[in-house]
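J.: Numbering (the working numbering), first residue to last: 4 to 211. Virtual Cβ for every residue (Gly too), placed ideally from N, Cα, C. Since this is a predicted model, take the numbers as computed values, not measurements.
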Amino acid sequence: MARGAEGERRKREHYYRAAKKAGYRSRSAFKIMQMARKEGLLRGVETVLELCSAPGGWTQVLRELNGSLRIVAIDLEAMLPIEGVQFIQGSILDDGIIRRAEGLTGGSFDLVLSDCSPNVSGHWELDVARQLELAERTFEIGNRVLGPNGKTLAKVFQGQGFQEFVAEIRSMFRTVKLIKPDASRKTSAEIYLLATAPIRKRSDAKNL
Ligand SMILES: C[S@@+](CC[C@H](N)C(=O)[O-])C[C@H]1O[C@@H](n2cnc3c(N)ncnc32)[C@H](O)[C@@H]1O
């Protein structure tokens, strides 16, 4: 791929066309595909909790990579059905919604994924703070619903509070890795955090 702004534009277009051709609902379908392959995300995984799933590009890829996965997906927005996926419409910040998801699998998952973005306000600092809240919530949920070798992968915007946030996640999971998939624009502030093996339950997570 060419470098610089022109290279980024071409890359975006490339993934847009590829998503359209493959019938994926989002360009970011390629992000999860790349991360899943490179990080072996689905190895040994039977149950997935996908937060902020709409319109469903990631979900489509998950189904393709492993047709027998049990997937529970949640989003504020409605999502067109995908075979084998149980979808709940609501906010991940709402405890009742998370309990409903837990109820569908007996309370335990092998993998928690989240690609959350808040409604963009246009004020960068506010958007970063809201996105961080969604990412923090994701790891709290992961810490609670995962088994001892479970994994949580979440998008985070690198802005104010990012370093402190990573330090906090490092205190909650045995290993934490930062990932920037090729399908994510180099100039975009987003990065993905992969945290494996919860090492303690946060006291506030008990009150989810
Ligand atoms: C970038 S999109 C996810 C795209 C998805 N990974 C895909 O490939 O189709 C971000 C999603 O976050 C959702 N979202 C934002 N805040 C949320 C919240 N509090 N609870 C649930 N979903 C939320 C939005 O509705 C939006 O669908």
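What's the C-alpha gap between Pro-84 and Arg-40?
T.: C-alpha separation (whole angstroms): 25 Å.
J.: Would Ile-202 be called buried (16 or more neighbouring beta carbons within 10 Å of its own) or exposed?
T.: When all chains shown are included, Ile-202 counts as exposed.
J.: Does the structure place the stretch 38 to 52 close enough to the stretch 68 to 77 that three or more beta carbon pairs sit under 8 Å?
T.: They touch, by the three-pair rule.
J.: Does the beta carbon of Trp-127 fall short of 7 Å from some heavy atom of ligand 1?
T.: Trp-127 Cβ: outside cutoff for every heavy atom of ligand 1.
J.: Tell me the DSSP secondary structure of Met-146 in three-state form.
T.: Looking at the sequence shown, residue 146 is not Met but Asn. If DSSP states are grouped into helix, strand and coil, Asn-146 belongs with the helices.
J.: Which partner residues of Ile-194 appear in the DSSP bridge assignment?
T.: Partner(s): Val-159.
J.: In its own chain, which residues sit with a C-beta less than 8 Å from the C-beta of Glu-128, not counting the 5 before and 5 after it?
T.: Same-chain partners within the cutoff: Gly-162, Gln-163.
J.: Classify Lys-34: buried if its beta carbon has 16 or more other beta carbons within 10 angstroms, exposed otherwise.
T.: Looking at its Cβ environment, which holds 16 or more other Cβ atoms inside 10 Å, Lys-34 is buried.
J.: Have a look at Leu-156, Ile-91, Leu-135, Gln-92 and flag the residue whose alpha-carbon is nearest the alpha-carbon of Asp-113.
T.: Measuring from the Cα of Asp-113, the nearest candidate turns out to be Leu-156.
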